[in-house]
Amino acid sequence: MNTPHSRANVVFFYGLSVLAALCCANWATSFMYDYNVLVTRLEPPIVEKLGQLPVMYSHNRRDAALLSLTADINVSGVFNWNTKQVFVYIQADVRTVNGAVFRTVVWDQVVNRTDSKAISLRNAEAEYPVLMLDTRDTLAGAEIALSVAWDVMPVSGGLRRIKGPASDMVSGGFVPRKPCFSLARCNKLLPAGKTADPRALLASLSSDGTGAGGSQRQDKGAGAAAASSDELSALALRTSAMGVFEDTKVMLLELWHPMTQSPACYVIPAVAVFCLLLQLGTEALARPMYLKRPGYTSEKANTSTEDAAVRVVGLVFAVYAATNSTVILATTSPANWTQFYLYEPRAESLMHVASGFFLWDLYSCLTSAWGGFFTAHAAVSLFVFAASLRPFLHHIGCVFLMYEASTVFMHLRHFAMELNWSATIPGVYDALSIAFATMFFIARILIGLPISVYWWWHMIAYIMRGEAHSVPVYVGYLFANAVITGLNIMWFSKIVSLVSRAIGRAMKGTKTAGSLLSPDALGVDEKTA
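Numbering-wise, UniProt numbering puts 401 at position 401 of the sequence shown, and it's gapless, one number per residue.
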């Protein structure tokens, strides 16, 4: 009973109980202290630069503002015997000229017990820029207010999050942006009531585009003031050509650079590798089963095995995509479905998975000779979802991913056919066939065609108004939708033709063994559509 082991156990757990009691007492006594940080000075921010991030790091033509900060902050009053460290940060509340409001952190610092408790900033450059996520909006003329907030990390107890005083709202003013390839586009970026001057446009196109003033800008602005109307006309032609060239370059960068950034840089290849491993694992399990079937040669078994493995991967993705897209749309306001540039983090994650799947799909089509239709479908789908890695068409992408609901029943029907349910359990097989045809009609024709028409109308309107962030990307999307819609119409015409033949045979009283819907009746050669 009083062995060394039992005595050590008593001492250990008694000490643990005492430590827990002391922690609770320490946490309880910490409520008597005031955790307010002393902010003796917090001046309105100064907008040092208002420009745009390079295309490779951000969405094309997304605004970025760099601030300079002046503040005096003292956190000594926050530290007591239960304070481990304090995380102090300055956040900016931004209100654009279009009424959009958002908050972002522009500076932060961790203060430990041994660090200096006084923080002094004098026109210090902000650690993080203010980014405008909505590419249709602009930071030009936006109002910005600063506030100090801090998180107190205790030795024991819960984290305390406290917000301090805010500075006055200050106008950021208008700074010319680069590139502006037309006066119409520049005017759309300006606050209400302001219009771009052609000579100022010439100066801004010749400048570094950062939005900061300088002697170089003034010299070029003076030269622009002497420009004649003929020179301005020539400039308009040159800048239009420049716009087409840059937009084409942007279209290529739009596909590559988002996929090289986190989390897309590892999610997309990880999903593609997962699909490949799932395919190889399914083939390893299915090949012996097909070789045991009567009349199956080695070549036929390999073909059937590969087809079954591809369908297993397609079924897994179809269930995932259809379920998640439905949940996202069901929990989002229908008004957001038509917002082309509205950011939706859940939809972005879904686009990552879809891009990885169609990357594998394209590889599968190219290495297994699935044919031109499937290769075109995979390539177009990869383009569509890779270009949506930006905050672009997130909700519309979810609508089109609901197409995969029909693919679920198509693959289940195929597996039922492989199990010979069309003869042994014709009722289940017929139910899957009818469910596939019905879901194909509802998702891809009844819903898909009207949404495609609506989407075309607004995409063209964005291009005509000069609000498209990249015209080649928009044109690529329109072409992709035309290809997918054409394939859906072609496949649906096959379904209607074969179902009508099956109904005709039934009305004529043709005797068939098992299901009236023969294995080829709805056999649309659709692998991952």
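Note that beta-carbon positions come from the ideal geometry of N, C-alpha and C, so glycine has one too.
Between residue i and residue j, what straight-line distance do the alpha-carbon atoms span, to the nearest angstrom?
i: Ala145; j: Asp307; result: 60 Å
i: Val75; j: Ala100; result: 33 Å
i: Met464; j: Thr305; result: 50 Å
i: Cys24; j: Glu43; result: 40 Å
i: Tyr296; j: Gln339; result: 53 Å
i: Leu276; j: Tyr290; result: 20 Å
i: Ala435; j: Leu446; result: 15 Å
i: Tyr303; j: Glu283; result: Note that residue 303 is Thr in the sequence shown here, rather than Tyr. Cα to Cα, the separation comes out at about 10 Å.
i: Glu467; j: Arg413; result: 45 Å
i: Leu359; j: Lys494; result: 27 Å
i: Ala149; j: Thr331; result: 31 Å
i: Ala227; j: Thr138; result: Note that Ala227 has pLDDT 40, beneath the 50 cutoff, so the model's placement of it is unreliable and the number below is only indicative. Their backbone Cα atoms lie some 29 Å apart in a straight line.
i: Ala378; j: Asp361; result: 6 Å
i: Phe374; j: Ile328; result: 28 Å
i: Phe415; j: Pro129; result: 54 Å
i: Ile46; j: Leu67; result: 6 Å
i: Asn481; j: Glu127; result: 42 Å
i: residue 563; j: Cys365; result: Because residue 563 is not part of the residues shown, which for the chain are 1 to 529, the question remains open.
i: Ile442; j: Cys398; result: 16 Å
i: Phe357; j: Ile268; result: 8 Å
i: Ala65; j: Val313; result: 45 Å
i: Val86; j: Leu38; result: 13 Å
i: Tyr122; j: Met153; result: Going by the sequence as given, residue 122 is Arg instead of Tyr. Arg122 and Met153: Cα-Cα distance of roughly 27 Å.
i: His458; j: Tyr474; result: 11 Å
i: Tyr454; j: Ser388; result: 18 Å
Residue i lies in the alpha helix (DSSP H); which residues open and close that run?
i: Thr367; result: Pro345 to Ser368
i: Ser120; result: Segment Ala118 to Glu125 is the beta strand (DSSP E) holding Ser120; no alpha helix (DSSP H) there.
i: Ser388; result: Taken as a continuous stretch (DSSP letters only), Ser388 belongs to no alpha helix (DSSP H), as it is neither H nor E.
i: Gly157; result: Unbroken run through Gly157: none, as it is neither H nor E.
i: Gly397; result: His394 to Leu401
Hey, quick one: how far does the beta strand (DSSP E) through residue i stretch, first residue to last?
i: Trp107; result: Val101 to Asn112
i: Pro154; result: Glu143 to Pro154
i: Thr331; result: Segment: none, Thr331 is in no beta strand (DSSP E) and carries neither H nor E.
i: residue 530; result: Residue 530 is absent from the model: the chain starts at 1 and stops at 529.
Quick check on residue i: does DSSP put it in helix, strand or coil?
i: Arg413; result: helix
i: Trp81; result: coil
i: Val130; result: strand
i: Arg41; result: strand
i: Glu467; result: coil
i: Gly15; result: helix
i: Phe340; result: coil
i: Asn9; result: helix
i: Arg311; result: helix
i: Ala140; result: coil
i: Asp93; result: strand
i: Lys49; result: strand
i: Ile162; result: strand
Using a Cβ-Cβ cut-off of 7 Å (strictly less than) and excluding sequence neighbours within five positions of residue i, which residues of its own chain qualify?
i: Phe409; result: Leu432, Ala435, Phe436 and Met439
i: Ala301; result: Arg287, Tyr290 and Leu291
i: Val483; result: Ala376 and Val380
Give every residue of the same chain whose Cβ lies closer than 8 Å to the Cβ of residue i, excluding the five residues on either side of it in the sequence, and list them in chain order.
i: Thr485; result: Gly448, Leu449 and Ser452
i: Ser116; result: none
i: Tyr363; result: Ala272 and Leu276
i: Gly113; result: Note that residue 113 is Arg in the sequence shown here, rather than Gly. Phe79, Thr83, Lys84 and Gln85.
Might you give, ordered along the chain, the residues of its own chain that have their beta carbon closer than 6 Å to the beta carbon of residue i, omitting 5 neighbours on each side?
i: Val155; result: Asn82 and Lys84
i: Asn488; result: Arg444
i: Ala118; result: Asn74
Any heavy atom of the ligand SAM closer than 7 Å to the CB of residue i?
i: Ala65; result: The model on display carries no ligand, and the ligand SAM is accordingly not part of it.
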